[in-house]
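Sequence positions in the sequence shown follow the UniProt record's numbering and run 1 to 200.
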Amino acid sequence: MQRALRNPIHKRLENLESWQHLTFMAALCERMAPNFKLFCQMHHQEREGKIYQNILNLVWEYLTIKDIKINFENQLEKLENIIPDVNDYDNFGVVAALDAAEALAEILHAIIAGETLEKAIEISQISLGTMTLLLETENGRDFSEQELKENEDIQRELDIQWQIYRLLKDCEKRDVALILDLKHEIRAECISNIGIEFKQ
């Protein structure tokens with residue numbers, strides 16, 4: 001398990017409702033999606049990349065289409081079948097892809113079990129964990145919590161998580177237009193939490 005960077009946002013997430021937690025999680029997953037899709041492309045597993053994106057699309061639909069019926073247990077099963085085994089690859093890409101898949105699995109578990117706060121915190125930590133591991137892999141050493149906090153890439157990730165939180169915090173009720181805008185904005189950027197660019 002990666003060392004989790006303490007993030008003050010985790011305490012604030014307690015103030016949000018479950019649809020806000022789920023939107024926060026979907027946004028972070030959308031930012032991790034390029035890591036999974038590029039990994040799939042590099043290893044000629046385009047089908048797996050499409051399955052990942054389809055499942056994430058269904059999560060957004062669940063958040064924006066009233067009374068939609070989706071079998072998320074079934075989606076979780078599909079996702080579990082495409083999670084890469086880190087032992088089969090020797091590059092960092094598999095770690096970032098695995099984290100992206102785990103984050104998406106956490107959302108599905110949150111929807112199925114209704115435990116959204118714990119899972120929102122979990123996904124926030126997974127995203128930061130991928131970045132921490134990348135930094136430490138590139139530099140060949142462990143970073144202290146202070147060094148991580150002072151790192152520009154980590155600061156940017158924390159800032160983005162805060163921006164998403166603030167956007168959601170100000171909503172009195174579920175705002176479909178705002179949720180869709182958030183999705184489109186992240187997709188249009190095509191850049192992941194660790195700076196991977198993936199254009200369809």
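All residues carry an ideal CB built from backbone N, CA and C; glycine is no exception.
Note that the structure is predicted; figures quoted are calculated from it, not measured.
**OP:** Determine the DSSP secondary structure at Glu-172, reduced to helix, strand or coil.
**Re:** Coil.
**OP:** Could you pull out every unbroken alpha helix (DSSP H) segment of at least 4 residues lying fully inside the region 52-122, listed in chain order?
**Re:** Within the region 52-122, the complete alpha helix (DSSP H) runs of at least 4 residues are 72-80, 93-113.
Subject >> Beta-carbon proximity of Ser-127 to Ala-101, cut-off 8 Å >> reply: no
**OP:** Name the two residues that bound the continuous alpha helix (DSSP H) containing Ser-18.
**Re:** 18-42
**OP:** Please state if the CB of Lys-119 and the CB of Glu-138 are separated by a distance shorter than 8 Å.
**Re:** No, the Cβ-Cβ distance between Glu-138 and Lys-119 is not below 8 Å.
**OP:** Can you tell me the Cβ-Cβ gap for Trp-60 and Lys-183, rounded? I've got them flagged as a contact below 8 Å.
**Re:** Confirmed, about 5 Å.
**OP:** Can you give me the start and stop residues for the alpha helix (DSSP H) that Gln-146 sits inside?
**Re:** 145-150
**OP:** Answer yes if the region 73-90 comes into contact with the region 10-30, meaning at least three C-beta pairs across the two stretches below 8 Å, and no otherwise.
**Re:** Under the three-pair Cβ rule at 8 Å, the region 10-30 does not count as touching the region 73-90.
Original post:
Cβ atoms of Glu-197 and Pro-34: under 8 Å apart, would you say?
Top reply: yes
Original post:
So what does DSSP say about Ile-196, is it helix, strand or coil?
Top reply: coil
**OP:** Compare the C-alpha of Met-42 against each of Leu-63, Ala-97, Ile-123, Asp-67 and name the closest.
**Re:** Met-42 has its Cα closest to that of Ala-97, out of Leu-63, Ala-97, Ile-123, Asp-67.
Subject >> Supposed close pair Leu-180, Thr-64 - CB separation, criterion 8 Å >> reply: 6 Å
Original post:
Within 10 angstroms of its Cβ, does Lys-37 collect 16 or more other Cβ (buried), or is it exposed?
Top reply: buried
**OP:** Label Gly-49 either buried or exposed according to how many other C-beta atoms from any shown protein chain fall within 10 Å of its C-beta, with 16 as the threshold for buried.
**Re:** buried
Original post:
Opposite residue 201 in the DSSP bridges: which residues?
Top reply: Outside the displayed span of the chain (1 to 200) sits residue 201, for which this structure offers no information.
Subject >> Residues near Leu-56 by beta carbon distance below 8 Å, same chain, minus five either side >> reply: Ala-26, Cys-29, Glu-30, Ala-33, Leu-104
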